[in-house]
Amino acid sequence: MSAGEVTVVALNLEDGGWDQQHQDHRKLDLLPEVIGQVPGEVDVVLFQEGKYYGFRGQRLRYRAENLLADFGLRSFMTPSTIGQLHDLVFVRWPRFRPIEHFKAELPDAFHDQIGWLHFGVEGLERPMAVRSLQWAYWDGGTRLDAAQKLTRFAAPGQLTLLGGDFNALWPDCDDHAEFEPGWERLPPHKRTHKTLPPGLRLDGRLVSDRRATQVLHEVGFINAGCVAGDMTPTVNSHIDQGQGARIDHILSSPDLAPALVPDSYRVWISELGDRISDHRMISVRLDLDRLGR
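Counting in the numbering used here, the sequence shown runs from 2 upward without gaps.
What follows is the structure, given as structure tokens:
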């Protein structure tokens, strides 16, 4: 059986669709329109900032799932361990069949298992590990700790897909350089969130803290945007005085990387996207038949 192509989307929906003006989640109703911008069938949605999605019997989580019912997607939620911005994964059913899902509240979940789902995928003999994540915006050390917990998923034999809001730039590659924000243009209370801390700055200059993403790069994770050579910032231009950068990423393990279709990567810039979130949706296609058997 052919595994075919898989379309993957990563979306940080600001506060899960919360509308500050009306004090409700009405922006969530725009979710089908946002996802519908991607041509063809969407197979995986890596979703961040499910604010209050665990309240009232997970009412908002299922509201999101019902909104995407016509897409054939079902949801899996990993409760946040640091607040109410939960991470979700939506997959096309039954093409993706859940095998296991590790959450912090499970008694046997180890620290580096939390958030991971394993799926059987039609046409693949090996399961695929999938994770949606959002790293801390406030501290590079916290992000570095999170990165170290991901490294084993880059090991040989692992078909790993992860993506979301890393709140960190990716390391530069030989043929391109990431946009380096002018961090000094931000107010003082924001300048240290994504820059190297005191003691690690060269000549005291504010430069992006890429230690966490450097760890992922060195263990072999492949960034879909780098493969495409597309350095478009994933933070909307009206955020951080235009000093946002490419901090949302879709990554694959070395064994899954051959499936990446380079020219399929896209950062979705639209008026609709600007209304619904401070982050831009990104997407890429995987041709799983390139993996062989």
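Heads up, the beta-carbon is just placed ideally off N, CA and C, and yes, glycines get one too. Computed from a prediction, not measured in an experiment: that's the story for all the values here.
{"Asked": "Completely contained beta strand (DSSP E) runs for the segment 28–100, where each covers 3 or more residues", "Found": "45–52, 74–79 and 86–93"}
{"Asked": "Sufficient close CB pairs (3 or more, under 8 angstroms) joining the segment 151–160 to the segment 247–266", "Found": "yes"}
{"Asked": "Distance CB(G221)-CB(A169) smaller than 8 angstroms", "Found": "no"}
{"Asked": "Any 3 or more C-beta pairs closer than 8 angstroms across the segment 31–50 and the segment 85–92", "Found": "yes"}
{"Asked": "Whole beta strand (DSSP E) elements within the segment 154–210, 3-residue minimum", "Found": "160–166"}
{"Asked": "Opening and closing residue of the beta strand (DSSP E) in which W286 lies", "Found": "This sequence places Arg at residue 286; Trp is not what is there. I283 to D288 is the span of the beta strand (DSSP E), which, as asked, contains R286."}
{"Asked": "Rounded C-alpha distance that separates D25 from G200", "Found": "43 angstroms"}
{"Asked": "Enclosing beta strand (DSSP E) for L12 [first to last residue]", "Found": "E6 to N13"}
{"Asked": "Selection from G17, L69 and D204 that minimises the alpha carbon distance to Y54", "Found": "G17"}
{"Asked": "Which residues DSSP lists as bridging R132, in chain order", "Found": "L163"}
{"Asked": "Whether V9 touches I36 by CB criterion (8 angstroms)", "Found": "no"}
{"Asked": "The segment 272–285 touching the segment 218–238, judged by at least three CB pairs closer than 8 angstroms", "Found": "yes"}
{"Asked": "C-beta atoms of D166 and H280 nearer than 8 angstroms", "Found": "yes"}
{"Asked": "Buried/exposed call for F56, threshold 16 Cβ in 10 Å", "Found": "exposed"}
{"Asked": "Extent of the continuous alpha helix (DSSP H) to which L217 belongs", "Found": "R212 to V220"}
{"Asked": "Beta-carbon spacing of P172, R132 below 8 angstroms", "Found": "no"}
{"Asked": "Cβ shell of H218 (< 8 angstroms), same chain only, five flanking positions each side left out", "Found": "W171, P172 and N224"}
{"Asked": "For G141, the nearest candidate out of Q22, Q59 and Q215 (CA to CA)", "Found": "Q215"}
{"Asked": "Three-state class that DSSP yields for G121 in the structure shown", "Found": "strand"}
{"Asked": "V236 - DSSP class collapsed to helix/strand/coil", "Found": "strand"}
{"Asked": "Classification of L107 by the beta-carbon crowding that lies within 10 angstroms, buried from 16 upward", "Found": "exposed"}
{"Asked": "Secondary structure of I277, DSSP reduced to three states", "Found": "helix"}
{"Asked": "Identity of the residue in Y138, A137, L145 and L151 nearest A130 by Cα", "Found": "L151"}
{"Asked": "Contacts around L12, its chain only, beta-carbon distance under 6 angstroms, and the 5 residues preceding and following it disregarded", "Found": "F48 and M282"}
{"Asked": "Residues that V268 bridges to, as DSSP identifies them", "Found": "I283"}
{"Asked": "Rounded C-alpha distance that separates E179 from L187", "Found": "19 angstroms"}
{"Asked": "Opening and closing residue of the alpha helix (DSSP H) in which D146 lies", "Found": "G141 to Q149"}
{"Asked": "Spatial neighbours of K28 in its chain, beta-carbon cut-off 6 angstroms, leaving aside the 5 residues before and after", "Found": "G18, D20 and I277"}
{"Asked": "Beta-bridge partners of I223, as assigned by DSSP", "Found": "S253"}
{"Asked": "Beta-carbon spacing of A110, A213 below 8 angstroms", "Found": "no"}
{"Asked": "Buried versus exposed, by CB contacts within 10 Å (16 or more), W94", "Found": "exposed"}
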